[in-house]
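Trainee: To start, I am sharing the structure in question, which I have written as structure tokens.
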Amino acid sequence: MKALFFIFAASLAITQARTIKDQDLIKVDVYYETLCPDSMYFITRQYYPAFATLRKYLDVDLIPYGRANETVVNGTKSFTCQHGPDECYGNKVHACVLNMTTIDVSSEFIYCSEVSDVPASDVTLTNCANLTDISWADIQDCVTNGKADELLSINGKKTDSVETPFIPTVILNGEFSQTLEDIVEARGSFKKYICDLLGNPGFECMC
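The sequence shown runs -17 to -1, 1 to 190 under mature numbering (1 follows the signal peptide of the UniProt record, and there is no 0).
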């Protein structure tokens, strides 16, 4: 009987390991803006803790834009943002960092920015660049040479193409879920929602 139980337990462990190993990544698209209090809360209290522990299960795209608007005059792009020019600047810096680095490094940078008292200030952003070993000079080049405008324009088209009733909006596997959006709006547990989708694999979902 003990041998039979051991065989069953071993088989179950192998099956669970195979399920985790073969689990398709969950595509997570986060539409946010740098100075929106709800975005700041979601990034720092919901997204980042979930990303830090569930990284291997997630394919993430962070899209800084939100309720911004783009105008083009004589080929020159300009933007207005819900929370003013500082937010447009913060969005541009975040977009440049996301374009320059991996999602792992950029998530660290964005968390560092959003958890601060002044997320879009040069003092904050320079400090976050130093902490994540990103060249601040390269970020500034991106912001001033027109690349950031191109990136924001792309983000604007992405944002306009999906249903974003609330900022931040989180899209999973290309589909909007009102249930998830209600959790985000209510500042509930994004990590638990992801863990439930994954079937609560491993120790990552135990706390």
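We put the CB at the ideal spot given by N, CA and C, even for glycine.
Using the DSSP secondary-structure output, state which residues sit across from phenylalanine 186 in a beta bridge.
Mentor: By one-based count along the sequence shown, residue 186 stands at place 203. Partner(s): none; phenylalanine 186 has no beta bridge.
Trainee: Return the chain-ordered list of same chain residues with a C-beta closer than 6 Å to the C-beta of aspartate 12, the five sequence neighbours on each side being excluded.
Mentor: For the purposes of this step, residue 12 is identified with residue 29 of the sequence shown, where counting begins at 1. Closer than 6 Å at the Cβ level, and outside the excluded window around aspartate 12, lie Asp44 and Ile154.
Trainee: Can you round the beta-carbon distance between cysteine 19 and isoleucine 150 to whole angstroms, since I take them to be within the 8 Å contact cut?
Mentor: The count along the sequence shown starts at 1 and reaches residue 19 at position 36. The count along the sequence shown starts at 1 and reaches residue 150 at position 167. That belief holds up - the Cβ atoms of cysteine 19 and isoleucine 150 are roughly 5 Å apart, short of 8 Å.
Trainee: Mind checking which residues open and close the beta strand (DSSP E) that includes threonine 59?
Mentor: Here residue 59 refers to the residue found at position 76 of the sequence shown. Here the beta strand (DSSP E) through threonine 59 covers 59 to 63.
Trainee: Please state the DSSP three-state secondary structure of asparagine 52.
Mentor: Position 69 of the sequence shown, counting from 1, holds the residue named residue 52. If DSSP states are grouped into helix, strand and coil, asparagine 52 belongs with the strands.
Trainee: Relative to the alpha-carbon of glycine 73, which residue among Thr27, Glu16, Pro148 and Glu53 has its alpha-carbon at the smallest distance?
Mentor: The count along the sequence shown starts at 1 and reaches residue 73 at position 90. Ranking Thr27, Glu16, Pro148 and Glu53 by Cα distance to glycine 73 puts Glu16 first.
Trainee: How would you call glycine 129, buried or exposed, if buried means at least 16 neighbouring beta carbons within 10 angstroms?
Mentor: What you label residue 129 is simply residue 146 of the sequence shown in a count that begins at 1. Glycine 129 is exposed by the Cβ-count criterion.
Trainee: Quick one: what's got a C-beta closer than 7 Å to lysine 10's C-beta in the same chain, skipping five residues either side?
Mentor: Start at 1 with the first residue of the sequence shown, and residue 10 comes out as number 27. Hits under 7 Å: Asp42, Leu155, Asn156 and Gly157.
Trainee: According to DSSP, is lysine 39 helix, strand or coil?
Mentor: Taking the first residue of the sequence shown as 1, we reach residue 39 at position 56. It is helical.
Trainee: Once you ignore the five residues that flank isoleucine 46 on each side, which residues in its own chain have a CB closer than 8 Å to its CB?
Mentor: Translated into positions along the sequence shown, residue 46 becomes position 63. Answer for isoleucine 46: Asp12, Val13, Tyr14, Tyr15, Asn138, Lys141 and Thr142, listed in chain order.
Trainee: Three-state secondary structure (DSSP) at aspartate 105?
Mentor: Along the sequence shown, read from residue 1 onward, the residue named residue 105 stands at position 122. Three-state DSSP puts aspartate 105 in a helix.
Trainee: Apart from the five residues on each side of it in sequence, which residues of its chain come closer than 8 Å, Cβ to Cβ, to aspartate 87?
Mentor: The residue you call residue 87 lines up with position 104 of the sequence shown. Excluding positions up to five away in sequence, the list reads Arg38.
Trainee: Who are the Cβ neighbours of aspartate 179 in its own chain at under 6 Å, not counting the five residues just before and after it?
Mentor: Here residue 179 refers to the residue found at position 196 when the sequence shown is read from its first residue. Taken in chain order, the list of residues that qualify is empty.
Trainee: Take the Cβ of threonine 54 as the centre, count every other Cβ of all protein chains shown within 10 Å, and call the residue buried at 16 or more, exposed below.
Mentor: For the purposes of this step, residue 54 is identified with residue 71 of the sequence shown, where counting begins at 1. Threonine 54 is exposed by the Cβ-count criterion.
Trainee: How is valine 88 classed by DSSP in three states: helix, strand or coil?
Mentor: Translated into positions along the sequence shown, residue 88 becomes position 105. DSSP places valine 88 in helix when its eight states are reduced to three.
Trainee: What is the DSSP secondary structure of threonine 152, reduced to helix, strand or coil?
Mentor: Looking up residue 152 in the sequence shown gives position 169. Strand.
Trainee: Checking the sheet assignment: what are the DSSP bridge partners for valine 11?
Mentor: Looking up residue 11 in the sequence shown gives position 28. In DSSP, valine 11 forms a bridge with Val43 and Leu155.
Trainee: Suppose you measure from the CA of glutamate 164 to the CA of isoleucine 177; what does that come to, to the nearest Å?
Mentor: As a first step, residue 164 must be located in the sequence shown, where it is residue number 181. As a first step, residue 177 must be located in the sequence shown, where it is residue number 194. Rounded to the nearest angstrom, the two C-alpha atoms are 13 Å apart.
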